[in-house]
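Note that the sequence shown covers residues 0 to 214 in numbering that gives the first Met the number 0.
For glycine and all other residues, C-beta sits at the position ideal for the given N, C-alpha and C.
In what follows, a single structure is set out as structure tokens and then discussed.
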Amino acid sequence: MRIILLGPPGAGKGTQARVLAERLGLAHISTGDLLRQNVTSGTDLGKEAKGHMDEGALVPDELVNKMLGRRFDAPDIKNGFILDGYPRNLNQAKELDQILKEKSSGIDLVIYLNTSEAVIVQRLTGRRVCKSCGANFHIKNMPPKAEGICDNCSSALYQRNDDNVETIKTRLQVYDNVSAPLISYYTQAGKLKRLNADGGAGPVLEKMVRLIKLS
Ligand code: AP5
């Protein structure tokens, strides 16, 4: 199955995509994670992307599209995938359609995680991420067992550069201006299902599983 998770920053795309991908045996493809790996490794792509990411702006399409195209060559996508953070605008959605068409496939389902702004800000300002395995925690909503330490691999947790109130505002504006039109794009294509993602992670996950079973 090929699924896109759509929604504003902090909607829970990464949190849910990890669990769902494991449960359903699908690859989890997060363009945000791939870009952050490039930044950490100091690649040319990472150097170019860093400034845009720190400002809360989108990384230029040609860089992200090329990175995604390479990711789609990996063998783990043959059973399907969950895309988290891509596409981010109509140009990327059309690029994705083209990449999949060349592989004689297409998107089966787009799940839109509808979330209110107050919830988003609370989630993003309290998020902590594992430096090593990328697992997500939240200082209040999903605290690690030991403060500042990843439950999975015992590495240190850090706060993302873009998880401050000012940058979160910019990311939300970018989302409203550039990414929200994707809701109409996938509604018109008959692929989009919406759900309210303001609740706890467990109930939201179960709602998503029900939607996937029905599709
Ligand atoms: P990216 O990493 O994709 O960030 P984002 O879209 O802003 O999304 P987030 O990761 O902030 O939110 P999320 O929905 O995954 O929430 P999460 O599950 O972590 O992109 C970062 C940057 O990279 C972009 O700004 C851009 O510069 C660049 N980029 C990436 N893709 C690009 C593309 N395609 N084109 C161009 N540029 C691109 O949850 C957040 C917190 O809430 C966590 O702490 C979690 O524990 C907690 N939480 C989650 N769900 C719940 C719940 N149900 N209840 C309580 N707490 C919850």
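Boundaries (first-last residue) of the alpha helix (DSSP H) holding residue 123
On the sequence shown, position 124 is the one that residue 123 refers to. Element bounds for residue 123: 116 to 124.
Please look up how many angstroms separate the CB atoms of residue 156 and residue 2, rounded, as I've assumed it's under 8 Å.
Taking the sequence shown and counting its residues from 1, one reaches residue 156 at position 157. Taking the sequence shown and counting its residues from 1, one reaches residue 2 at position 3. Not confirmed; about 28 Å, so no contact.
Beta-carbon separation of residue 161 and residue 52 under 8 Å?
The sequence position of residue 161 within the sequence shown is 162, counting from 1. The sequence position of residue 52 within the sequence shown is 53, counting from 1. In this structure, residue 52 lies closer than 8 Å to residue 161 by Cβ.
I need the straight-line Cα distance from residue 212 to residue 195, nearest angstrom please.
Reading the sequence shown from its first residue, position 213 is the one you call residue 212. Reading the sequence shown from its first residue, position 196 is the one you call residue 195. So the alpha carbons of these two residues sit roughly 17 Å apart.
Can you find at least 3 beta carbon pairs, one from the segment 138 to 145 and one from the segment 90 to 99, that sit closer than 8 Å?
no
Is it a yes or a no for the segment 140 to 154 touching the segment 166 to 184, going by three-plus beta-carbon pairs under 8 Å?
no
What residue range is occupied by the uninterrupted alpha helix (DSSP H) comprising residue 206?
Your numbering for residue 206 matches position 207 in the sequence shown. Here the alpha helix (DSSP H) through residue 206 covers 200 to 213.
Is residue 85 near the ligand AP5, in the sense that its beta carbon is under 7 Å from a heavy atom of that ligand?
To locate residue 85, count along the sequence shown from 1; it is residue 86. Yes, Cβ of residue 85 sits closer than 7 Å to a heavy atom of the ligand AP5.
Would you report the Cα separation of residue 113 and residue 90, rounded to the nearest angstrom?
Locating residue 113 in the sequence shown gives position 114, counting from the first residue. Locating residue 90 in the sequence shown gives position 91, counting from the first residue. So the alpha carbons of these two residues sit roughly 22 Å apart.
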